[in-house]
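For the sequence shown, full-length UniProt numbering assigns the number 1 to the initial residue and increments by one for each residue that follows.
Inspection log for the structure reproduced underneath, given as structure tokens.
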Amino acid sequence: MATTASTRRQFLTLLGLSTLAVSCGTAATGATAGKGGTRTLRYQGWAGQVTLPELAEDLGYLMDVKLEWVGNTISGPQDIQSAATGQVDFGGAFNGAVVKLAANNAPIKAVISYYGSDKHAYSGYYVLADSPIRSARDLIGKRVGMNTLGAHAEAMLDIYLQREGLSPTDIDKVEPLVVPPVNTEQSLRQKQIDVAVLGGVLRDKALATGGIRPLFTDYQLLGAFSAGTFVMTDRFLQQNPDTVRTFVTAVGKAIEWSRSTPHEEVVARMTSIVKKRGRNEDTAALKYWRSFGVAETAGRITGKELQLWIDWLTERGDIDKGQVTLSDLYTNEFNAAPKSGS
Numbered sequence: 001m002a003t004t005a006s007t008r009r010q011f012l013t014l015l016g017l018s019t020l021a022v023s024c025g026t027a028a029t030g031a032t033a034g035k036g037g038t039r040t041l042r043y044q045g046w047a048g049q050v051t052l053p054e055l056a057e058d059l060g061y062l063m064d065v066k067l068e069w070v071g072n073t074i075s076g077p078q079d080i081q082s083a084a085t086g087q088v089d090f091g092g093a094f095n096g097a098v099v100k101l102a103a104n105n106a107p108i109k110a111v112i113s114y115y116g117s118d119k120h121a122y123s124g125y126y127v128l129a130d131s132p133i134r135s136a137r138d139l140i141g142k143r144v145g146m147n148t149l150g151a152h153a154e155a156m157l158d159i160y161l162q163r164e165g166l167s168p169t170d171i172d173k174v175e176p177l178v179v180p181p182v183n184t185e186q187s188l189r190q191k192q193i194d195v196a197v198l199g200g201v202l203r204d205k206a207l208a209t210g211g212i213r214p215l216f217t218d219y220q221l222l223g224a225f226s227a228g229t230f231v232m233t234d235r236f237l238q239q240n241p242d243t244v245r246t247f248v249t250a251v252g253k254a255i256e257w258s259r260s261t262p263h264e265e266v267v268a269r270m271t272s273i274v275k276k277r278g279r280n281e282d283t284a285a286l287k288y289w290r291s292f293g294v295a296e297t298a299g300r301i302t303g304k305e306l307q308l309w310i311d312w313l314t315e316r317g318d319i320d321k322g323q324v325t326l327s328d329l330y331t332n333e334f335n336a337a338p339k340s341g342s
């Protein structure tokens, strides 16, 4: 089904959030803090991938804090919605989704950056090598497969189309479709979609196979930048400050470990993690991992990576000017990782 203009203009409506749903969820659910706060963090993973918290736990950085896997997700907006409503204790998403969630009165705060774009870690918009698509205008009426709507991939697509001079009417004729990441390459090769958004190990695996070429990448659009943050509810932060400090610091140390450790060793560690957890996952693509792409040391948030999307969403009319206050949106107070890296 084609995406309608109204759907495209209501960015992140897939979150399905109402003020009532968010307030009720955070008031009634979530980990219960004991005298010293909970030391178990519920979370969602990603099939065939190792998240930074999982890496931090395996490296021993979480100390006595334990991760409790409750299932997998393919959607950042869904993940942070689950955090906002107390189904998990932390969730991660594209920063535009974090801003939008906060604008819906969700009492959440970003605590650390966990992914971004650099020369190694980026999302590319790929077409078949013999595709007639060569420019933004060629995308009118075409299908672009991505992991979820209303998040990083759709935002980058919109920015590209706008910069290339397409009108809002023309942009609405470009059709973003949800395709599970593990199926995106195959969908492109079978011509079920015209453009595939590929990142990380799935991108590099597809490039190694050959027969595709990039139309553009988010790194080409915006340069190196941290793109997503982990969030927790204000209530969880207040009730479990020691646990949060352990978690955030551990993730920050894991980011720096991944930067300073030889590629082969990082891949071997990730492969071991996936095999040990016994979820019947394919580890072949992990060898293509290169970087988490986080711009700042230990994932500290500067504010500019969130302000970018406050401004963008305001310009689009998705949020009102002043609806989100940057200083209320994030904190680095729980990040005790070394500021100079490792």
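Cβ coordinates follow ideal geometry from the N, Cα and C atoms, glycine included.
One thing to note: Leu-221 has its Cβ within 8 Å of the Cβ of Ile-159. For the 8 Å CB-CB criterion, Ala-295 and Gly-116 form a contact.
Membership of Asn-72 in the beta strand (DSSP E) is indicated by the continuous run 66-72. C-alpha of His-263 to C-alpha of Ala-121: approximately 13 Å in a straight line. One alpha carbon belongs to Pro-338, the other to Ala-298, and they sit about 7 Å apart.
Just measuring C-alpha positions, the residue of Ala-106, Ser-260, Met-63 and His-152 sitting nearest Gln-323 is Ala-106. The DSSP-derived three-state label of Val-50 is coil. If you draw a 10 Å sphere on the C-beta of Asp-194, you find 16 or more other C-beta atoms in it, and that means buried. Beyond the five residues adjoining it in sequence on each side, Ser-272 comes within less than 8 Å, by CB distance, of Asp-58 in the same chain, given in chain order. The bridge partners DSSP lists for Val-197 are Tyr-125. In the displayed model, Ala-102 falls within a helix according to three-state DSSP.
Across the set Gly-199, Leu-52, Lys-321 and Ala-129, the C-alpha of Gly-199 shows the shortest separation from the C-alpha of Gly-145. A Cβ-Cβ contact shorter than 8 Å links Thr-233 with Ile-108. Residue state for Ile-133 is assigned as coil, using DSSP reduced to three classes. In the three-state reduction of the DSSP assignment, Tyr-43 falls in the strand class, which pools E and B. Between Gly-141 and the set Lys-275, Ile-171 and Gly-76, the nearest pair of CA atoms involves Ile-171.
A direct Cα-Cα distance of roughly 35 Å separates Arg-300 from Glu-175. A direct Cα-Cα distance of roughly 36 Å separates Arg-279 from Thr-302.
Thr-85 and Lys-66 do not touch by the CB rule: their CB atoms are close to 22 Å apart, not below 8 Å. Beta bridge pairing from DSSP links Phe-216 with Tyr-125.
For the 8 Å CB-CB criterion, Ile-310 and Thr-229 do not form a contact. Scanning Glu-305, Phe-94 and Ser-135 for the CA closest to the CA of Ala-153 turns up Phe-94. Going by DSSP, Met-63 is part of no beta strand (DSSP E) at all; its letter is neither H nor E.
From the listed residues Gly-48, Glu-256 and Gly-165, the smallest Cα separation to Leu-286 is found for Gly-48.
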